[in-house]
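Numbering (this note's numbering), first residue to last: 31 to 288.
All residues carry an ideal CB built from backbone N, CA and C; glycine is no exception.
Everything below concerns the one structure shown next.
Next comes the structure, spelled out in structure tokens:
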């Protein structure tokens, strides 16, 4: 990615909700196989002075023709540069990442703090084992049927109904496979610490990332750490959105005004 493209917020970020005088901006990172549209429904539930943004990963939605990133580190570099050039400075910024998005949100926070001298007020991570845990290996090398069967068995297959449609499957599966590649090839050590406080969420019935495997997120921050458990499985954020936001947004607002 050229420096010009890397710093283009319009290419890398989508605003789901903007307000004239924002008190905080919430940047939400999608899970594997998903794009920024995953968070569009959240816009109606944001507090009055909260903006909602999401990264635009290449190879999906309206960036379907754009090539996938070579590595998760490269993807984090590009998103961090766009945030620093765009919505990151004027208003307090909080990051939330679900599943693969939790790993990316952490990596982007590291870059914002170290490269751009920009400290987010909160890093919230969801449904992803901490960085010291070993991820599921070899998923991206499986054939289509085995990849879908394996992710379904682990309870981490997004948009499961959509994969039953041959046309939608052809559009969606490459992004899921490549996101598995990014995660599986991403080094877990050394753990990069951030100065932002960390708030972690686990789904009570999540087989892939239960509460116990999320404890090690405490090691990524030099500030405070909290781990909350909510009803639901790996994708509890869609089935129990209001419960999640009722816990997340007061912390976002409180940290923004701290």
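Exercise. Among residues of its own chain, excluding the 5 on either side of residue 211, which ones have a beta-carbon nearer than 6 Å to its beta-carbon?
Worked result: Result list for residue 211: 170, in chain order.
For this session: Determine the direct distance from the alpha carbon of residue 73 to that of residue 46, and round the result to whole angstroms.
Result: Roughly 6 Å between the two C-alpha positions.
Exercise. For residue 282, is the classification buried or exposed, using 16 other Cβ atoms within 10 angstroms of its Cβ as the cut-off for buried?
Worked result: If you draw a 10 Å sphere on the C-beta of residue 282, you find 16 or more other C-beta atoms in it, and that means buried.
For this session: With a threshold of 16 other CB atoms inside 10 Å of the CB of residue 200, please say whether the residue is buried or exposed.
Result: exposed
Exercise. What separation, rounded to the nearest whole angstrom, lies between the Cα atoms of residue 114 and residue 148?
Worked result: Computed Cα separation, rounded: 8 Å.
Exercise. Under the DSSP definition of a beta bridge, which residues are partnered with residue 27?
Worked result: Because residue 27 is not part of the residues shown, which for the chain are 31 to 288, the question remains open.
Exercise. Which class does residue 152 belong to by DSSP, given the choice of helix, strand or coil?
Worked result: strand
For this session: Let me know if residue 197 comes out buried or exposed under the rule of 16 or more other beta-carbons within 10 Å of its beta-carbon.
Result: Of the other Cβ atoms in all chains shown, fewer than 16 fall within 10 Å of the Cβ of residue 197; this residue is therefore exposed.
Problem set entry | Whole-number beta carbon distance between residue 152 and residue 229, since they are thought to touch under 8 Å | 6 Å
Exercise. Are the stretch 94-114 and the stretch 263-274 touching, with three or more C-beta to C-beta distances below 8 Å?
Worked result: no
Problem set entry | For residue 55, the residue or residues it bridges with in DSSP | In DSSP, residue 55 forms a bridge with 81, 123.
For this session: Look at the alpha carbon of residue 194 and the alpha carbon of residue 67, and state the distance between them as a whole number of angstroms.
Result: 20 Å
Problem set entry | Run of the alpha helix (DSSP H) containing residue 106, from where it starts to where it stops | 102-115
Exercise. What is the DSSP secondary structure of residue 40, counted as helix, strand or coil?
Worked result: Three-state DSSP puts residue 40 in a helix.
For this session: Mind checking who residue 256 pairs with in its DSSP beta bridge?
Result: Beta-bridge partners assigned by DSSP to residue 256: 229.
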